[in-house]
Amino acid sequence: MLKNRVKELRARFSYTQGELGKKAGVTRQTIGFIEKGEFSPSITLSLKLAHILECKVDELFWLEGEEWK
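Take the sequence shown: its letters are residues 0 to 68, numbered as in numbering that gives the first Met the number 0.
Listed below in structure tokens is the structure:
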């Protein structure tokens, strides 16, 4: 399962799910599904989110069982 820090980092920038979705070109619902782990984003979307949230992709997403650094 893919784990993530999207909600945590989104809050750091005070973005709503809708605002982050608009910046990334997806819907609020997509961001919500990503945050809940119900949707695994494409590489393109992962890169966009990492850029918007000013982090590396591997700081934003990781596989369950792999510890985040």
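We put the CB at the ideal spot given by N, CA and C, even for glycine. None of the values given here were measured: they were computed from a predicted structure.
So is L59 buried or exposed if we call it buried at 16+ other beta carbons inside 10 Å? For the purposes of this step, residue 59 is taken as the residue at position 60 of the sequence shown. The residue is buried, with at least 16 neighbouring Cβ atoms inside 10 Å.
Option in M0, G17, L1, L8 with minimal Cα separation from A49: Translated into the one-based positions of the sequence shown, residue 49 becomes position 50. The alpha carbon of A49 has as its nearest neighbour, out of M0, G17, L1, L8, the alpha carbon of L8.
According to DSSP, residues forming a beta bridge with L46: Residue 46 sits at position 47 when you count from the first residue of the sequence shown. Its beta-bridge partners do not exist; DSSP assigns none.
Pick from W61, A23, K35 that is closest to L44, judged by C-alpha positions: Translated into positions along the sequence shown, residue 44 becomes position 45. Distance check between L44 and each of W61, A23, K35 places A23 closest, using alpha-carbon atoms only.
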